[in-house]
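Numbering (the numbering used here), first residue to last: 302 to 942.
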């Protein structure tokens, strides 16, 4: 018995001793296992390639496992940061969840020479904060005020954009349920001899240069470019058809065509996309294509066609597809690019579904069921710096939005803007600036554009900002600040209050007026600068302007408020600039606008169907909302219209 100088394939693969009987053609180990023994010398080139391929497969498997471990570590690090942040703010959120005073610490006090002395030592910032809150609650003249958990406030100012969209969605659902009309009623192009090839090429190239996505890109542009170049027939791809719909329906594309012509082309591509989309709904191998296509149709369905119910249906389908992929573990089989895009599509579908539920139903089941914020987005190495900066900002904003405090604030804002009534917890407003400052301090230096976002010079500083990549966090912070304090300005308690409570609310309202006015001026300056760099009217610009119009209405209704001339000029300029992005033949005269009566009665009047007479109904509604708001604010500013 002797050892083969060169081991056989199996022994070499398993790194075992290869022993042969004299004149044997099979080694002892392979003979005992009953497997085919292949000496190395007998291998041909194909076998050598196969052996090499086996090693490559193992190496590839190890590489994939390492990448998965690296992503898991990144997710754990993000979770750890969130836990640390939430623990840091636990003292700020705990009073909202405390149901009994038994959880509060006990302090020993003494009165010496008429002065109150604290005998119990304070050993941490948390104890200091708890003592300050207890002092206001128990030792101040406002003791009985804080015995109440909350006040019911009623609002006398309407959020014109939100309420108009809500009523329009309701009237459309009523009309369709009564007439059984198909939501896919399209305008057919009279010209059947159009060469669509160059148009598709142009639209896809426009999208690859400037993807029209409100939050984060949901398509990896290098992958899209490679996919499109290898595509034989663009009409066979729902993604390409969805891109054509998305770009054709944006306000800054193909402006040389009339609104009717743009609508015809958008409807043509939508019909093709819609048919392809429903063909792949049940195909488990096309789930990512389905998600990508749905994300491309939101703009067309909402801001162009006002089909909010159809958009919500597609968002629900996307949400269920993502849920099924994650629950079955199929996301682990995806490539890194596919996994990152899936994460963003999940965020977008949940975000749209939440907003559609508010706009259509006017409420949500629970503010703590918000899912778009409960994730940490990733970036790819070959993405643009603007995309990377945007994703980083979104992650930091989501970190704030996941807190129980923020969800409570959002719920109260939503109730006040949609229902004009909210149960307001005064502790929420007293802690607001502290919460926001602490979050601001945790931002990295490149996202924190200034040290003090609430300084007296913040408005002048905002007017000088021209870096559009790093103002998102600053703008979001003042957007929520503006809405929170505008809520207080436009509201009154639904029950009678005593003198002390009235004095306290007066002080609170004066501070709210100062904060709302400052944040409104900052947002106007930021929006004015951003529109200067944008060739297209971003959907978020209209949303931001809708909130600004609501805040300005709340401010103008305060007798002591004084709107600065610069504020009026900035607002007027922004409205005119956004209107310039809309078709000129979609401006509805104020004399026939259905908005004033609909807002006053809060009824889904059939007159709201006037927007369907226009080629681009959503743009007609936006134009009408901005003009009506401009007229109302000018009258409140006491300026001639």
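Beta carbons: idealized from backbone N, C-alpha and C, even for Gly. On a predicted model such as this, the values are computed, not experimentally measured, just so you know.
Worksheet entry | Enclosing beta strand (DSSP E) for residue 613 [first to last residue] | In the chain shown, residue 613 corresponds to position 312, counting from 1. First-last for residue 613: 609-628, but that is the alpha helix (DSSP H), not the beta strand (DSSP E).
Fill in: Three-pair Cβ contact test at 8 Å for the region 603-618 versus the region 456-474
Short answer: they touch.
Practice prompt. Please go through the same chain and pick out, in chain order, the residues whose beta-carbon is closer than 8 Å to the beta-carbon of residue 547, but skip the five residues on each side of it.
Written response: Indexing the chain shown from 1 puts residue 547 at position 246. 508, 513, 597, 598, 600 and 601, listed in sequence order.
Practice prompt. Identify whether residue 413 lies in helix, strand or coil by the three-state DSSP scheme.
Written response: Reading the chain shown from its first residue, position 112 is the one you call residue 413. Three-state result, residue 413: strand.
Worksheet item: The alpha helix (DSSP H) spanning residue 918 covers which residue range?
Response: In the chain shown, the residue the question calls residue 918 occupies position 617. From DSSP, the alpha helix (DSSP H) with residue 918 extends over 918-937.
Practice prompt. Buried or exposed for residue 579, please, with buried defined as at least 16 other CB atoms from any protein chain shown within 10 angstroms of its CB.
Written response: As a position in the chain shown, residue 579 is number 278, starting the count at 1. A residue is called buried when at least 16 other Cβ atoms come within 10 angstroms of its Cβ; residue 579 does not meet this threshold and is exposed.
Worksheet item: Is it right to say residue 833 is buried, meaning 16 or more other beta carbons lie within 10 angstroms of its own, or is it exposed?
Response: Taking the chain shown and counting its residues from 1, the one referred to as residue 833 is at position 532. Exposed: under 16 other Cβ atoms inside 10 Å.
Discussion item. I need the DSSP call for residue 352, collapsed to helix, strand or coil.
Written reply: Against the chain shown, residue 352 aligns to sequence position 51. With a pLDDT of 42 at residue 352, under the threshold of 50, the modelled position of this residue cannot be trusted; read the value that follows with caution. Looking at residue 352 - three-state DSSP - the assignment turns out to be helix.
Worksheet item: Straight-line CA distance for residue 921 to residue 886?
Response: Position 620 of the chain shown, counted from the start, is the residue given in the question as residue 921. Position 585 of the chain shown, counted from the start, is the residue given in the question as residue 886. Rounded to the nearest angstrom, the two C-alpha atoms are 9 Å apart.
Fill in: Residues of its chain near residue 649, where Cβ-Cβ distance is below 7 Å and the 5 sequence neighbours each way are ignored
By one-based count along the chain shown, residue 649 stands at place 348. Counting only Cβ-Cβ distances below 7 Å, and skipping sequence neighbours, we find 516, 519 and 596.
Worksheet item: Can you list, in chain order, the residues of its chain whose CB lies under 8 Å from that of residue 999, leaving out five sequence neighbours each side?
Response: Nothing can be reported for residue 999: it is not among the residues displayed for the chain, which extend from 302 to 942.
Worksheet item: Does the beta-carbon distance from residue 820 to residue 783 come in below 8 Å?
Response: Taking the chain shown and counting its residues from 1, the one referred to as residue 820 is at position 519. Taking the chain shown and counting its residues from 1, the one referred to as residue 783 is at position 482. A contact, by the Cβ cut-off of 8 Å.
Worksheet item: residue 821: beta carbon under 7 Å from a heavy atom of the ligand SAH?
Response: Ligands in the displayed structure: none, and consequently the ligand SAH is not present.
Worksheet item: Between residue 752 and residue 744, what straight-line distance do the alpha-carbon atoms span, to the nearest angstrom?
Response: Within the chain shown, the letter at position 451 stands for residue 752. Within the chain shown, the letter at position 443 stands for residue 744. Roughly 11 Å separates the two Cα atoms.
Worksheet entry | Range of the contiguous alpha helix (DSSP H) that encloses residue 336 | Translated into positions along the chain shown, residue 336 becomes position 35. No alpha helix (DSSP H) contains residue 336, which DSSP labels as neither H nor E.
Worksheet item: Roughly how many angstroms lie between the CA atoms of residue 647 and residue 641, to the nearest whole one?
Response: In the chain shown, counting from the first residue as 1, residue 647 sits at position 346. In the chain shown, counting from the first residue as 1, residue 641 sits at position 340. Inter-residue distance for residue 647 and residue 641 is about 10 Å (C-alpha atoms, whole angstroms).
Worksheet item: Looking at C-beta atoms only, is the number of pairs between the region 619-638 and the region 583-593 that lie closer than 8 Å three or more?
Response: Three or more pairs of CB atoms, one per stretch, sit closer than 8 Å, so the region 619-638 contacts the region 583-593.
Fill in: Bridge partner(s) assigned by DSSP for residue 702
As a working note, residue 702 is residue 401 in the chain shown. Beta-bridge pairing links residue 702 to no other residue.
Practice prompt. Taking residue 875 and residue 846 to be in contact with their CB atoms under 8 Å, please state how far apart those CB atoms are, rounded to whole angstroms.
Written response: Residue mapping note: residue 875 aligns to position 574 of the chain shown, counting from 1. Residue mapping note: residue 846 aligns to position 545 of the chain shown, counting from 1. Yes, they are in contact, since the Cβ atoms of residue 875 and residue 846 sit about 6 Å apart, within 8 Å.
Item to complete: Might you give, ordered along the chain, the residues of its own chain that have their beta carbon closer than 7 Å to the beta carbon of residue 505, omitting 5 neighbours on each side?
Response: If you number the chain shown from 1, residue 505 lands on position 204. By the criterion of a C-beta distance shorter than 7 Å, residue 505 is surrounded in its chain by 529, 541 and 544, once the five residues flanking it on both sides are discounted.
Worksheet item: Closest to residue 733 by CA distance: which of 588, 629, 705 and 870 is it?
Response: As a first step, residue 733 is located in the chain shown; it is residue number 432 there, counting from the start. Comparing Cα positions, the closest option is 705.
Discussion item. Tell me which residue opens and which closes the alpha helix (DSSP H) that residue 676 is part of.
Written reply: If you number the chain shown from 1, residue 676 lands on position 375. From DSSP, residue 676 is part of no alpha helix (DSSP H); its letter is neither H nor E.
Worksheet item: Is residue 754 closer than 8 Å to residue 778 when the C-beta atoms are compared?
Response: Residue numbering aside, residue 778 sits at position 477 when the chain shown is read from its first letter. Residue numbering aside, residue 754 sits at position 453 when the chain shown is read from its first letter. Residue 778 is a Cβ neighbour of residue 754, given a cutoff of 8 Å.
Item to complete: List the DSSP bridge partners of residue 309.
Response: By one-based count along the chain shown, residue 309 stands at place 8. 340.
Item to complete: Assuming residue 772 and residue 827 form a contact by the criterion Cβ under 8 Å, report the distance between their Cβ atoms to the nearest whole angstrom.
Response: Sequence index remark: in the chain shown, residue 772 carries index 471 (1-based). Sequence index remark: in the chain shown, residue 827 carries index 526 (1-based). Between residue 827 and residue 772 the Cβ distance is about 6 Å, and since that is below 8 Å, they are a contact.
Item to complete: Could you tell me the distance, in whole angstroms, from the CA atom of residue 867 to the CA atom of residue 626?
Response: The residue labelled residue 867 in the question sits at position 566 within the chain shown. The residue labelled residue 626 in the question sits at position 325 within the chain shown. Distance between the alpha carbons of residue 867 and residue 626 is about 52 Å.
Fill in: CA-to-CA distance, residue 613 to residue 393, given in whole angstroms
As a first step, residue 393 must be located in the chain shown, where it is residue number 92. As a first step, residue 613 must be located in the chain shown, where it is residue number 312. Note that residue 393 scores 37 on pLDDT, short of 50, meaning its location in the model is unreliable; the coordinates nonetheless yield the value given after this. Roughly 35 Å between the two C-alpha positions.
Fill in: residue 856 versus residue 559 - alpha carbon distance
Start at 1 with the first residue of the chain shown, and residue 856 comes out as number 555. Start at 1 with the first residue of the chain shown, and residue 559 comes out as number 258. Approximately 39 Å, taken between the alpha carbons.
Worksheet item: Skipping 5 residues on each side, what residues in its chain have a beta carbon closer than 6 Å to that of residue 937?
Response: Here residue 937 refers to the residue found at position 636 of the chain shown. So the list reads 857, once near-sequence residues are dropped.
Worksheet entry | Option nearest residue 317 by Cα separation, candidates 869, 879, 308 and 703 | Locating residue 317 in the chain shown gives position 16, where the first residue counts as 1. For residue 317, the nearest C-alpha among the options comes from 308.
Discussion item. Among 695, 682 and 663, whose alpha-carbon lies nearest the alpha-carbon of residue 676?
Written reply: The residue given as residue 676 occupies position 375 in the chain shown. Checked all of 695, 682 and 663; the closest Cα to residue 676 is 695.
Worksheet item: Using the rule of at least 16 other Cβ atoms within 10 Å of the residue's Cβ for burial, across every protein chain shown, is residue 495 buried or exposed?
Response: Mapped onto the chain shown, residue 495 falls at position 194. So residue 495 ends up on the exposed side.
Discussion item. Does residue 917 pass the burial test, meaning 16 or more other C-beta atoms within 10 Å, or should it be called exposed?
Written reply: Here residue 917 refers to the residue found at position 616 of the chain shown. That one is buried.
Worksheet item: Helix, strand or coil: which one does DSSP assign to residue 389?
Response: Working through the chain shown from its first residue, we reach residue 389 at position 88. Any reading at residue 389 needs caution, since the residue's pLDDT is 44, under 50, leaving its predicted position unreliable; the model's value is listed next. The answer is helix: DSSP assigns residue 389 an H, G or I state.
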